[in-house]
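Trainee:
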Amino acid sequence: MDGTGQRIRLVVRVDDAGLSEGVNRAVVEALRGPAARSVSLMVPGPAAAHAAALLAPLPGLVHGLHVTLTSEWERPRWRPMLPARAVPSLLDRDGFLPRTADELHARGGVDPREAAAEITAQLDRAREWGLTVRYLDEHMGVGWVAGAGEAVRAVAAAQGLVDADRLVPALPVPTGADLRAVLRQARPGPHVLITHPGHDDATLRALRGTGFPDGGVGTARDADRRLLADRALWSAVQEDGTELTDYAALFRP
Numbered sequence: 025m026d027g028t029g030q031r032i033r034l035v036v037r038v039d040d041a042g043l044s045e046g047v048n049r050a051v052v053e054a055l056r057g058p059a060a061r062s063v064s065l066m067v068p069g070p071a072a073a074h075a076a077a078l079l080a081p082l083p084g085l086v087h088g089l090h091v092t093l094t095s096e097w098e099r100p101r102w103r104p105m106l107p108a109r110a111v112p113s114l115l116d117r118d119g120f121l122p123r124t125a126d127e128l129h130a131r132g133g134v135d136p137r138e139a140a141a142e143i144t145a146q147l148d149r150a151r152e153w154g155l156t157v158r159y160l161d162e163h164m165g166v167g168w169v170a171g172a173g174e175a176v177r178a179v180a181a182a183q184g185l186v187d188a189d190r191l192v193p194a195l196p197v198p199t200g201a202d203l204r205a206v207l208r209q210a211r212p213g214p215h216v217l218i219t220h221p222g223h224d225d226a227t228l229r230a231l232r233g234t235g236f237p238d239g240g241v242g243t244a245r246d247a248d249r250r251l252l253a254d255r256a257l258w259s260a261v262q263e264d265g266t267e268l269t270d271y272a273a274l275f276r277p
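First residue of the sequence shown: 25, per the numbering used here; consecutive thereafter.
What follows is the structure, encoded as structure tokens:
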């Protein structure tokens with residue numbers, strides 16, 4: 025990591041590309057905005073190929089693999105990239121990825137070799153779709169589960185990728201909080217703001233399964249979309265002394 029004194033260096037990351045075509049369009053809007061340059065693709069997601077087709081031609085982006093070992097919604101559900109026989113420790117009784125990291129934990133974790141194989145398969149597919157993946161991060165924070173974090177670290181090391189969620193702390197920004205105020209209280213050094221932009225459309229309003237009230241997913245993701253498009257806010261953030269950056273710049277050799 026290159027040194028930069030005592031300033032805050034903020035990676036604005038866009039997660040969950042591939043969840044739906046509407047989310048993908050919101051992701052592209054965010055990446056054309058003033059702040060976000062790092063974007064994470066959820067390869068098992070139902071609209072992942074559509075996301076990659078939109079992202080691959082865009083210049084100046086840093087692509088990441090959103091390591092996906094859970095499938096949290098009631099609908100849609102998704103399966104691993106590898107055949108079920110190759111990754112039995114990653115599957116629920118219906119052959120899908122389990123809903124939560126807690127579910128994986130309750131079962132004693134995952135086989136790290138199976139998890140590493142699945143992560144590599146997701147990485148290979150992202151590359152086949154034209155993305156130049158520079159970092160790994162974890163969907164639903166699954167890396168604390170026994171075997172999962174070990175697998176992420178192993179793949180990152182083997183592939184020469186940034187293990188983003190272990191190297192850059194997430195900036196805690198409560199819903200509705202003043203981002204500038206949060207940044208003023210943050211310690212100097214690198215931080216990541218993790219966002220999930222989307223349009224408040226029928227697809228997102230229909231999502232159930234993670235504790236959001238009915239329609240709440242669309243509302244929350246639309247708020248992130250508007251935050252990322254707010255040029256006045258991001259100009260003020262930079263005037264306050266925060267440097268907007270990305271994982272490639274943070275970890276430039």
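Every residue, glycine too, gets a C-beta built ideally from N, C-alpha and C.
Please report the residue range of the beta strand (DSSP E) in which VAL157 lies.
Mentor: Unbroken beta strand (DSSP E) run through VAL157: 157–162.
Trainee: Could you check the C-alpha separation between ARG49 and ILE143 for me, to the nearest Å?
Mentor: One C-alpha to the other measures close to 25 Å.
Trainee: From the DSSP secondary-structure annotation, give me the bridge partner or partners of GLY213.
Mentor: In the DSSP output, where bridge partners are listed per residue, GLY213 has ILE32.
Trainee: How would you call ARG249, buried or exposed, if buried means at least 16 neighbouring beta carbons within 10 angstroms?
Mentor: ARG249 is buried by the Cβ-count criterion.
Trainee: Would DSSP call HIS129 helix, strand or coil?
Mentor: Helix at HIS129.
Trainee: If you drop the 5 nearest sequence neighbours on each side, which residues of the same chain put their C-beta closer than 6 Å to that of GLU53?
Mentor: Cβ neighbours of GLU53 beyond the five flanking positions: none.
Trainee: Taking 6 Å as the limit between beta carbons, can you name the residues of its chain near GLY42, skipping five residues before and five after?
Mentor: LEU65, MET66, GLY69, ALA71, ALA72 and ALA75, listed in sequence order.
Trainee: Where THR156 and LEU85 are concerned, what is the direct C-alpha to C-alpha distance, given to the nearest angstrom?
Mentor: Each residue's Cα considered, the two are about 9 Å apart.
Trainee: Can you find the residues in the same chain that come closer than 7 Å, C-beta to C-beta, to ASP26, ignoring five residues on each side of it along the sequence?
Mentor: The predicted model places ASP26 with a pLDDT of 43, which falls under 50 and marks its position as unreliable, so this point remains unresolved.
Trainee: Would you check if there are 3 or more beta carbon pairs closer than 8 Å linking the stretch 91–98 to the stretch 223–236?
Mentor: Touching, yes.
Trainee: For THR266, count the other beta carbons within 10 Å of its own beta carbon; 16 or more makes it buried, fewer makes it exposed. Which is it?
Mentor: Buried, because 16 or more other Cβ atoms sit within 10 Å of the Cβ of THR266.
Trainee: On a Cα-Cα basis, can you pick out the residue from PRO198, ALA247 and PRO122 that is closest to ASP225?
Mentor: Checking every option, the nearest Cα to that of ASP225 belongs to ALA247.
Trainee: Would you be able to state if there are at least three C-beta pairs under 8 Å between the stretch 256–265 and the stretch 235–246?
Mentor: They do not touch, by the three-pair rule.
Trainee: Just confirm the distance between the C-beta atoms of HIS90 and ASP39, as a whole number of angstroms; I'd bet it's less than 8 Å.
Mentor: HIS90 to ASP39, Cβ: 6 Å. Contact.
Trainee: Take GLY154 and list the residues in its own chain whose beta-carbon comes closer than 7 Å to its own, dropping the five residues that flank it on each side.
Mentor: So the qualifying residues of the chain are ALA76 and ALA80.
Trainee: Alpha carbon to alpha carbon, how far is ALA172 from LEU55? Give it in angstroms, no decimals.
Mentor: Looking at the two C-alpha atoms, the distance is approximately 29 Å.
Trainee: DSSP state of ASP248, grouped into three classes?
Mentor: Note: ASP248 maps to helix in three-state DSSP.
Trainee: If you run the structure through DSSP and keep just helix, strand and coil, what is MET25?
Mentor: At MET25 the pLDDT is 43, less than 50, meaning the model places this residue with poor confidence and gives no usable figure here.
Trainee: Relative to the C-alpha of ALA140, which residue among ALA181, ALA273, GLY200 and HIS223 is closest?
Mentor: Nearest C-alpha to ALA140: ALA181.
Trainee: With distances taken Cα to Cα, identify the nearest neighbour of VAL169 among ARG151, HIS129 and ARG177.
Mentor: For the residues ARG151, HIS129 and ARG177, the minimum Cα distance to VAL169 belongs to HIS129.
Trainee: Quick one: using the 10 Å Cβ neighbour count with 16 as the cut-off for buried, is GLN209 buried or exposed?
Mentor: By the 10 Å Cβ count, GLN209 comes out exposed.
Trainee: Quick one: Cα of TYR159 to Cα of LEU78, how far?
Mentor: Each residue's Cα considered, the two are about 19 Å apart.
Trainee: Specify, as a first and last residue, the run of the alpha helix (DSSP H) that GLY57 falls within.
Mentor: Element bounds for GLY57: n/a, residue is neither H nor E.
Trainee: Under 7 Å, do PRO221 and VAL36 count as touching if we go by C-beta distance?
Mentor: No, these two residues do not count as a Cβ contact at 7 Å.
Trainee: Any idea if GLN30 is buried or exposed, counting beta-carbon neighbours within 10 angstroms, 16 or more meaning buried?
Mentor: Classification for GLN30: exposed.
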